[in-house]
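Chemist:
Residue numbers (my numbering): 15 to 379.
1) Measure the Cβ-Cβ separation of residue 371 and residue 226 and say whether it is below 9 Å.
2) Have a look at 116, 169, 173, 120 and flag the residue whose alpha-carbon is nearest the alpha-carbon of residue 141.
3) Nearest by alpha-carbon distance to residue 235: which of 217, 245, 242, 209 is it?
4) Under the assumption that residue 292 contacts residue 317 (Cβ atoms under 8 Å), give the Cβ distance between them as a whole number of angstroms.
5) Residue 177 and residue 134 look like a contact to me (Cβ under 8 Å); what is the Cβ gap, rounded to whole Å?
6) Could you check whether the Cβ of residue 315 sits closer than 9 Å to any Cβ belonging to chain C?
7) Counting Cβ pairs closer than 8 Å, one from the stretch 236–243 and one from the stretch 297–304, do we hit at least three?
8) Determine contact between the stretch 329–342 and the stretch 359–366, defined as no fewer than three beta-carbon pairs at a distance below 8 Å.
9) Count the other CB atoms, across all protein chains shown, that sit within 10 Å of the CB of residue 105; report buried if there are 16 or more and exposed otherwise.
10) Tell me which same chain residues have a C-beta within less than 8 Å of the C-beta of residue 16, skipping the five on either side of it?
11) Please go through the stretch 304–377 and give each complete beta strand (DSSP E) segment of 3 or more residues, from N-terminal end onward.
12) Taking Cβ positions, are residue 7 and residue 181 nearer each other than 9 Å?
13) Any chance the CB of residue 376 is under 8 Å from a heavy atom of the ligand NAD?
14) Return the residue from the list 300, 266, 158, 165 that minimises the CA-CA distance to residue 232.
15) Could you tell me if residue 155 is buried or exposed, where buried requires 16 or more neighbouring beta carbons within 10 angstroms of its beta carbon?
16) Under 8 Å by Cβ, that's how I've got residue 283 and residue 313 pegged, so tell me the actual separation to the nearest angstrom.
17) Considering only their Cβ atoms, is the gap separating residue 131 from residue 114 smaller than 9 Å?
18) Which one of 157, 204, 150, 350 has the shortest CA to CA distance from residue 229?
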C-alpha cells in the first residue's frame, strides 16, 4: 500500500512476508489455471477468497501474453503497511476492492458520483503498482502482473491503500467475503439505483450471485412481485420464470451482460415511471439499440457500477449493517461450495459450467 511518504508507524515502509506463498497464476490464456508456488514480498495475508472471474476469452488481447496474478471476492488481514498509510495497521481486517476511492478527486468528493475515482477506477490493463510502475510478483525471474489492483488469489499481495475497506474485526471473514464485489454490485443496484417502492414489481435478468443479490434487494425494499429471468438452462428447474404482463414492471435490473437482455430489460418496464438499471458488462463491440419513443414515453435507463457504493466509505457500513442484521441478507445462501486452495481448478470448472453461486477457497487449506 503506498501513498505520500509520511512516516507514522514503526511498521510503515517495511512490507513483510513471513513465508513463501501459494499463488494462482495464468500460464496460458485459454488453458487450465495452475496453482503454483511463489516467493515474492507482499503486504497483506489472505484468509478467504471467492471465485468469480471473467473467462480469459473476454479479456483484452494484450493481457493474454503475460502472466497474471488473479483475484476476486476476498477478505484479508493487514500484514504490513507502506509509507504514508496512517489509517491502517497490521492486524486490521479488510476487504480489498477492485475499484478504489482516493477520497481526493472530483468523483470521490462528489455526492453525485460514488465510485468513478479518477485515480483508482477499475483498470484491467495496468498490471503494476501506481507508485513506481512495477509489479510486486515474480516467478523464476519473470514478472507476474497484478489484476485490477488486488491480485488476491495468493496468500500475500500488495494493494494500494485506496482499494482497501477496513471492516469490523468481529466480521466473520468466510461470510463477508462476497460483499467485496458481487453482493454489493447486485444488492446496491436495486436499493441504491432502481429504488423500488413497497408493493412495486421488479424483474431481475440473470440469476447468478449478482442477480440473486439484486433480487434480495428487491425483497428488502418490499417488492410485491419479483420476476426472475435467466439464460442458463441449468437453472430453469430451480428458478420460477414468470411471464411479464400488465403493461410492464416498475423496475428491472439487468445482470447478465447480454446486450439482448439489456434491451429486453429496458423495454419491459412500464411507461411513465418504469426504471431499468444495467449492471452486466457487455462485450467490447456490443451496441445498445432501442426506439427513442421508449425514452420519450418516460421510461428511465440507468447504469450502476458496484452498486453505487463508495468502496472505502460505504463498504464498512454495509458490513456493520450485515452484522447488525439490518440488511436482511443471508450470506450463506450465496456460498454454495467450499474448497481448499489446491482444488482451485475445480472451482473454476464449477464457475465455467454455471454450477453454484460462489465457491469459497480456503487459502490455509
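For each residue, glycine too, the CB sits at the ideal point set by N, CA and C.
Modeler: Once the coordinates are examined:
1) yes
2) 173
3) 209
4) 5 Å
5) 6 Å
6) Protein chains in the displayed structure number just one, and chain C is not present.
7) no
8) no
9) exposed
10) Residue placement at residue 16 is poorly supported in this model, since its pLDDT is 32, which falls under 50; the coordinates still yield a value, given next. These residues qualify, in order along the chain: 96, 97, 98, 99, 143, 144, 145, 174, 175.
11) 314–317, 349–354, 372–376
12) Because the chain in this structure spans residues 15 to 379, residue 7 falls outside the shown range and cannot be described.
13) The model depicted lacks the ligand NAD and carries no ligand whatsoever.
14) 266
15) exposed
16) 5 Å
17) yes
18) 204
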